[in-house]
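Remarks on the structure that follows.
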Amino acid sequence: MNEDSHMRGDSTPVNDEGVYRNVYNIPPPRQENTVELSRYLNDFKIALNKKNYIRRKHYLEQDLERNILKAREMNSVNEREYQNVDADLQSDLRDLENLHIIESRLDHCRNAEQSNDSQPPQWFVSFLSDPNNIFYSLNRSMEQRMLTMEQRLMTMEQRLMTMEQRQNVRFDGIDRRLDGIDRRLDGVDRRLDGVDRRLDGVEVKLNKQEYQNRRLYNIQMRSQGRLVDVVPFLNGEEPDPDLPRICSVEDINGLTRAQCTRYLEGYGIRYGPNETIKLKERLRDAVGLESLGDNQFRFTGIV
1 MNEDSHMRGD STPVNDEGVY RNVYNIPPPR QENTVELSRY LNDFKIALNK
51 KNYIRRKHYL EQDLERNILK AREMNSVNER EYQNVDADLQ SDLRDLENLH
101 IIESRLDHCR NAEQSNDSQP PQWFVSFLSD PNNIFYSLNR SMEQRMLTME
151 QRLMTMEQRL MTMEQRQNVR FDGIDRRLDG IDRRLDGVDR RLDGVDRRLD
201 GVEVKLNKQE YQNRRLYNIQ MRSQGRLVDV VPFLNGEEPD PDLPRICSVE
251 DINGLTRAQC TRYLEGYGIR YGPNETIKLK ERLRDAVGLE SLGDNQFRFT
301 GIV
């Protein structure tokens, strides 16, 4: 069977090579074309798959039986079964070879039929190419309109590209201006930070000056035997409300160690970790209790 018979799809004998001879009682294709070959190939695949399933199931059942037989019986059974398996494998090999040949013929027929279907008849081509044909004029008109639309589309794309470029230039200018503003704001922030630091320094100096003034005032008041005022901490705030008020050395003598250290830390006075009476003496000097009687006062041990 040559290629011309495949191309024309003539009704010729198709079983001359035994390709379609099978044990599944599947009728051969009446004609070598796409429909008949597809039908036969589909039936052949179904039958072959069914046979493979039955054979594999049979082998599995025999394997299970062999596992429970004795070694002597297993050897005898294996010898017979391997012969049967070899014959079945040869039959399967022939079936697979026939299947491959049929698939090749089917592909050849399908390609030939698709090639014939893809080419329009010559009378149709001549009809469309006739200048006097209305379809020819309509086709030319549509082509002209398509060309015009493509040109307009290209013009619009060019205009859009120009607009994008102009907008990008404007946006770049805005970005540069914003960067300049950011740099100026950064400079302002640095200047404000400097002003804040200077104000903080001034505030610290004022707080220290207020502390010194109140301390000197208390020294003067004690030299006259009068009561003293509360001395603010170096941060400018009054001592914490839970701390006892200090108006005399007796008030200092009644403080606990924790209360003394809180006062000394508020006034920025350093002290040793093992100091007891010395803590009260440092606090006495810090608040300006420096009259003769204050200096002669004997503090008791600290709790």
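1 is the number of the first residue of the sequence shown in full-length UniProt numbering; add one for each residue after it. For glycine and all other residues, C-beta sits at the position ideal for the given N, C-alpha and C.
Annotated three-state conformation of E103 is helix, per DSSP. Non-local C-beta neighbours of G180 in its own chain, meaning closer than 8 Å and more than five positions away in sequence, are absent. Nearest to E250 by alpha-carbon distance, out of R94, R55, R166, D294, is D294. A straight-line Cα-Cα distance of about 9 Å links D285 and R215. Judged by beta-carbon spacing, G236 lies beyond the 8 Å limit of N218, meaning their Cβ atoms are not closer than that value. Distance from the CA atom of S248 to the CA atom of R282, rounded to whole angstroms, is 14 Å. In its chain, beyond the 5 residues on either side, V14, Y20, E36, L37, R39, Y40 have a beta carbon closer than 8 Å to the beta carbon of P29. In this structure E143 is exposed. Its beta-carbon is surrounded by fewer than 16 other beta-carbon atoms within 10 angstroms. Rounded to whole angstroms, the Cβ separation of Y211 and V188 is 34 Å, and the two are not in contact under 8 Å. One alpha carbon belongs to L234, the other to V195, and they sit about 21 Å apart.
Rounded to whole angstroms, the separation of the alpha carbons of N42 and N49 is 11 Å. Residue range 257-266 is occupied by the alpha helix (DSSP H) that includes G266.
With contacts defined as CB atoms closer than 8 Å, L243 and Y263 qualify as a contacting pair. Residue state for R55 is assigned as helix, using DSSP reduced to three classes. Boundaries of the alpha helix (DSSP H) harbouring Q296: 292-296, taken from the DSSP string.
Assignment of C247 by DSSP, reduced to helix, strand and coil, places it in the coil class. Taking 8 Å as the cut-off, the beta carbon of Y271 is found no closer than this to the beta carbon of T256.
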